[in-house]
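Here the sequence shown stands for residues 1 to 465, numbered as in this note's numbering. Structure record follows, encoded as structure tokens.
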Amino acid sequence: MSLAEILDENLAHVLDGTGAEDPQGEPIEYWWNSLGQGSGSFVLVDSRWKLSGYDEGTVDVLVNASRTEIGRTIRAAILNVNAGDGSLLEERVAPLPAAISSTAIRASFPWRRDDQLSLPTGSDEQTMGKVAYGKTYVTCDGADIRLSFTVSKTELQHNEHGDAWVCGMAVQEHISRPSRSGPRHRGTVASIVPVFRDGEIDIGYRVPSVASLRGKRIAVVGLGALGSPAAVELARNGCTSLHLMDDDVVEPGNAIRWELGASSWGTKKQDALKRFIEREYPWTSVLAVPHRIGLPTGDRDRLNELLDSVDLVVDASAAPGVSYLLGDICRERGLSLISVFASPNLHGGAVVFHHPESGCPVCMAHANETPEGKPGHIPYPNGMNDESTLVQPPGCSELTFTGASFDLKELSLETVRMAVDVLSSPDEWTVSEVRTVNLHNVKRRMPPSWRIDPLERHPDCGCRS
Ligand SMILES: [Zn+2]
């Protein structure tokens, strides 16, 4: 297009506010937030809050202030929004991230409505004066910090209006040596603390399909190369509660196929994952159950603890004996079980859904042994009976496989997808199902190739009785 054509087609629309428009809102807080972004600072609000009809009041805020190499960092969350007369209008229901809940100070700051708030024109004194207006301050980490909040009606989504939040901050750093007349201060510096939305609907907007994990409790047995990525992925997608069982220790050698790195060395796997998940995904709580299934005592008690009130069990032990045991227990309790394993040389693997009234892990073994061409036959994943590539690393008590994390993760991800599907539409999952993947055809690696087989109860299996 020539400039003349562009002007001819669009200038009238720009001047009149007409013509085709992208179907999206332009919330004013986006432009204000951009003045403070990248500093590590934020304050959390909830999009569910409705403040229309109110013009001012106070907010109760949990503030965590620290000094970092990039300057003053503020991490805060609004706990309550109060009207001018002090009555409670809205309150936070989302769990607090660890970055705020540790060593935070609770304080009250003003909010006011300004539906005429314009876009920021820069970070000059006049612009900041519109939103950094408060008098109340908290003293923390060697500074007086004043926060003030401006609420402004804005288009949050296309033709959907709601309240934008803008947080102004004024910081007065203390000078370390007080003079005779008391503490000395540097000049006040005003800036913007970006406002982030972390209410339940805010988190759910991006991936509505995982809403089925909200409120769910999932047990994961075995937190190795298959179980650890699955556990973290379930937490990232909003699973409310995870019960994690293992008793192995993270070492430099096994961490190459593990979800977390050097910060976990020397820690029990279940404890390292609990610490990581609860720090990074505040919506998820973790029960760490330290146990190795098959010890002479303790199985019954530990498994009762693990399976208490769970909605689904994931078996990532990659040990047939454990799978058979979990198959029996889940059938008794009417629980769905997902078993995941890889072949020793990682040329393939499988993710298997076991309905409590359909094919069990022993039925699966029968199906694998049924000759090809006979009804009920399900092929082994490639390399299932090839143990020639197992190695014994120095200092390790057992042979281990030589697969890489990026291949194993293929199986972990399918496990999580299946868990989401089973919990979303349980009525469609009444027959057990084997999803087999092949990653290698003996000559060379190939892109993951999946097949799906139903797994009916086998006539010879004891699960029928
Ligand atoms: Zn069976």
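Note that beta-carbon positions come from the ideal geometry of N, C-alpha and C, so glycine has one too.
Discussion item. Here's a check: name, in chain order, each residue in its chain whose Cβ is nearer than 6 Å to the Cβ of residue 164, leaving out the five neighbours to either side.
Written reply: 27, 28, 29, 152 and 154
Worksheet item: Hey, is the stretch 209-226 in contact with the stretch 360-367, meaning 3+ C-beta pairs nearer than 8 Å?
Response: no
Fill in: Cβ shell of residue 143 (< 8 Å), same chain only, five flanking positions each side left out
65, 72, 171, 172, 173 and 174
Discussion item. I'd like the list of long-range same chain contacts for residue 131, defined as Cβ closer than 6 Å, with 5 residues on each side in sequence excluded.
Written reply: 150, 166 and 168
Worksheet item: Does the stretch 76-95 come within contact of the stretch 51-58, defined as at least 3 CB pairs closer than 8 Å?
Response: yes
Worksheet entry | According to DSSP, residues forming a beta bridge with residue 78 | 61
Worksheet item: By a C-beta neighbour count over all protein chains shown, 10 Å radius and 16 as the cutoff for buried, is residue 359 buried or exposed?
Response: buried
Item to complete: Give a single yes or no on whether residue 333 has its beta carbon closer than 7 Å to a heavy atom of ligand 2.
Response: In the structure on display, ligand 2 does not appear, and the ligands it does have are ligand 1.
Worksheet item: Can you find a heavy atom of ligand 1 that lies under 7 Å from the Cβ of residue 458?
Response: yes
Worksheet item: For residue 418, which of helix, strand or coil comes out of DSSP?
Response: helix
Item to complete: Kindly identify the DSSP beta-bridge partner or partners of residue 197.
Response: 45
Worksheet item: Ends of the alpha helix (DSSP H) at residue 471?
Response: Any question about residue 471 goes unanswered here, given that the chain covers just 1 to 465.
Worksheet item: Shortest alpha-carbon distance to residue 377 belongs to which of 453, 418, 407 and 233?
Response: 453
Worksheet item: For residue 259, which residues of its own chain have a beta-carbon under 6 Å away from its beta-carbon, when the five flanking residues on both sides are left out?
Response: 228, 229 and 232
Worksheet item: When we look at the beta-carbon of residue 14 and count the other beta-carbons within 10 Å, is it buried (16 or more) or exposed?
Response: exposed
Discussion item. Using 8 Å as the cut-off, can you tell me whether the stretch 44-52 makes contact with the stretch 9-23, which would need three or more C-beta pairs spanning the two stretches below that distance?
Written reply: no
Discussion item. Tell me the DSSP secondary structure of residue 405 in three-state form.
Written reply: helix
Discussion item. Taking DSSP's pairing of strands, which residues face residue 245 in a bridge?
Written reply: 221 and 289
Fill in: Heavy atom of ligand 1 within 7 Å of residue 362 beta-carbon
yes
Discussion item. Taking the straight line between their C-alpha atoms, what separation do you get for residue 439 and residue 422?
Written reply: 25 Å
Worksheet item: According to the neighbour-count rule (16 or more other Cβ atoms, all chains shown, within 10 Å of its Cβ), is residue 334 buried or exposed?
Response: exposed
Discussion item. Whole angstroms are fine: how far does the CA of residue 459 sit from the CA of residue 157?
Written reply: 57 Å
Worksheet item: Is the stretch 269-280 touching the stretch 233-249 in the sense that three or more CB pairs, one from each, lie closer than 8 Å?
Response: yes
Worksheet item: Is residue 20 helix, strand or coil when you go by DSSP?
Response: coil
Worksheet item: Going by Cα to Cα distance, which pick from 203, 145 and 357 is closest to residue 432?
Response: 357
Fill in: 4 or more residues per run - each alpha helix (DSSP H) lying fully within the stretch 93-137
98-101 and 125-129
Worksheet item: In terms of DSSP beta bridges, what is residue 438 paired with?
Response: 348 and 449
Worksheet entry | For residue 190, the three-state DSSP class (helix, strand or coil) | strand
Discussion item. I'd like the list of long-range same chain contacts for residue 125, defined as Cβ closer than 8 Å, with 5 residues on each side in sequence excluded.
Written reply: 190
Worksheet item: Relative to the C-alpha of residue 266, which residue among 253, 249 and 346 is closest?
Response: 249
Fill in: Burial state of residue 188, where buried means 16 or more other Cβ atoms lie within 10 Å
exposed
Discussion item. Using only CA atoms, which one of 25, 355 and 464 lies nearest to residue 429?
Written reply: 355
Practice prompt. For residue 162, write down the residues that DSSP places opposite it in a beta bridge.
Written response: 154
Worksheet item: So what does DSSP say about residue 413, is it helix, strand or coil?
Response: helix
Fill in: Per-residue burial, residue 418 [other beta carbons within 10 Å of its own, 16 or more giving buried]
buried
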